[in-house]
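Okay, so the sequence shown: first residue is 5 according to the working numbering, each after it adds one. We put the CB at the ideal spot given by N, CA and C, even for glycine. Notes follow the structure.
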Amino acid sequence: MGARGRGCASEAVSRGAAAAAGGGEGAQDPEWGPRAAGPVPDPSSMASWAEPSEPAALRLPGAPLLEGFEVLDGVDDTEEEDDLSGLPPLEDMGQPTVEEAEQPGALAREFLAATEPEPAPAPAPEEWLDILGNGLLRMKTLVPGPKGSSRPLKGQVVTVHLQMSLENGTRVQEEPELAFTLGDCDVIQALDLSVPLMDVGETAMVTADSKYCYGPQGSRSPYIPPHAALCLEVTLKTAEDGPDLEMLSGQERVALANRKRECGNAHYQRADFVLAANSYDLAIKAITSNTKVDMTCEEEEELLQLKVKCLNNLAASQLKLDHYRAALRSCSQVLEHQPDNIKALFRKGKVLAQQGEYSEAIPILRAALKLEPSNKVSRTRLGRAGLGWAGLASPCSCLLLVIIAVPSSDLPTGETAAPALLELMGIGRTTES
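Printed below as a string of structure tokens:
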């Protein structure tokens, strides 16, 4: 029943109750007029007018009372809920936290996240290892080593299968069995720095800037253009401990020292004087280390000649690096074994002259010039040293030194004597046209 119906029914009940209280028959209803005499309705029946279960029309005067109504206390005027006992049980979706519930659209996003399918995983990117952190030397594993394999250590002799190519794919070198001592600078830096990060049995691709390959000079064998970056495919085959120097025979020492010296020569030709000096040092160490093996006199002499060569080459590298004190020590060691070694005399005199030790440089350069009178370089160095010494002594002493050092057949005469003597002293022409 609507609100209007309930209001009218209540009003009718109130009026009926008032009439009953006012004296029975002949009672006057102010709105409905005289009411017919009859039995007084039961109050319980009157109460049923308040909330009938179904809508009913109002009772008109003289109409019989409606029967069969029941009082429904506490029942709302709403439809009964549907019976949900037959549905499957609901799943517990979890209760959102207070913070999540306060965020706009939090429940909707949670629902969408639960219903949307998970995206397919993206393919893993190629894993390149930036060895030095500057992007110029990178390595990627192509074939991992077998389970349980180990990495080589510095000083071990490793054997690799090397395929070397330019950036455009041109193959420039392939070495199926390249052996070298790890960390001894026997090979280009790209190999020396990347192989220690590989497992035995692993194959890796290495991309290297020219800085870690053959540099601005390139290489003749194998032919590598200047400033060429390289791609190296390397398979680490074996890694074994290096030789025990004390147990090497004479010929084994000679072979090892020669390999180190040749590596130093290759570095020197590429103007990498630091690596060259390192290789010459290793060669000298292989020659001079203690031995527990007897050697013949011929082997000892061969080792001595090889040591002199390495010391001279070491001095040349040290001069290129402006390491004058170190170069002076190397030359002095050569002269201890061979006092008349022309290269050592010349380099020692040069170092002393550059350090301003003219009184020591002049006799050494004179000795070099006596051993090789036709050496114009020694003669020029002697003249310059004499000129430097003359600044501390007298011009006559300098001139006398040049005259003594130069063979009489080469001394100038006549009007051209003075300019020629100055040229011999290392000054050159006094005037230029």
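- For residue 241, the enclosing beta strand (DSSP E) starts and ends at 234-244.
- A distance below 8 Å separates the beta carbons of residue 236 and residue 195.
- Between the beta-carbon of residue 330 and that of residue 322 there is about 5 Å, and that keeps the pair under the 8 Å contact cut.
- Contact between the region 213-229 and the region 257-268 is not established, with fewer than three Cβ pairs separated by less than 8 Å.
- With contact defined as three or more Cβ pairs closer than 8 Å, the region 286-301 and the region 243-256 are in contact.
- In terms of Cα proximity to residue 345, the closest of 315, 324 and 362 is 315.
- Measuring C-alpha to C-alpha distances from residue 149 to each of 208, 170, 142 and 188 identifies 208 as the nearest.
- With fewer than 16 other CB atoms across the displayed protein chains lying within 10 angstroms of its CB, residue 296 is exposed.
- Around the Cβ of residue 301, a 10 Å sphere holds fewer than 16 other Cβ atoms; the residue is exposed.
- Residue 365 places its beta carbon less than 8 Å from that of residue 356.
- Counted as a single uninterrupted DSSP element, the stretch harbouring residue 297 is not any beta strand (DSSP E), since DSSP gives it neither H nor E.
- The shortest C-alpha to C-alpha distance from residue 210 to any of 313, 307 and 146 is the one to 146.
- For residue 231, the secondary structure class from DSSP, reduced to helix, strand or coil, is coil.
- The DSSP-derived three-state label of residue 169 is strand.
- Counting of Cβ neighbours within 10 angstroms places residue 174 among the exposed residues, the total staying below 16.
- In this structure, residue 184 keeps its C-beta atom at 8 Å or more from the C-beta atom of residue 176.
- A straight-line Cα-Cα distance of about 50 Å links residue 363 and residue 141.
- Fully enclosed alpha helix (DSSP H) runs of no fewer than 4 residues occupy 301-324 of the region 300-324, in order along the chain.
- With respect to the 8 Å criterion, residue 189 and residue 310 are not classified as neighbours on the basis of their beta carbons.
- Just measuring C-alpha positions, the residue of 232, 245 and 313 sitting nearest residue 339 is 313.
- Spatial neighbours of residue 159 in its own chain (CB-CB distance under 7 Å, excluding positions within 5 residues in sequence) are listed in chain order as 185, 186, 187 and 246.
- In the three-state scheme derived from DSSP, where H, G and I count as helix and E and B as strand, residue 358 is classed as helix.
- Secondary structure at residue 175: strand, using DSSP grouped into helix, strand and coil.
- For residue 225 and residue 232, the gap between their C-alpha atoms comes out near 14 Å.
- Between residue 167 and the set 131, 202, 234 and 143, the nearest pair of CA atoms involves 234.
- A direct Cα-to-Cα measurement between residue 203 and residue 144 gives close to 13 Å.
- For the options 258, 216, 352 and 335, the alpha carbon positioned closest to that of residue 271 is the one of 216.
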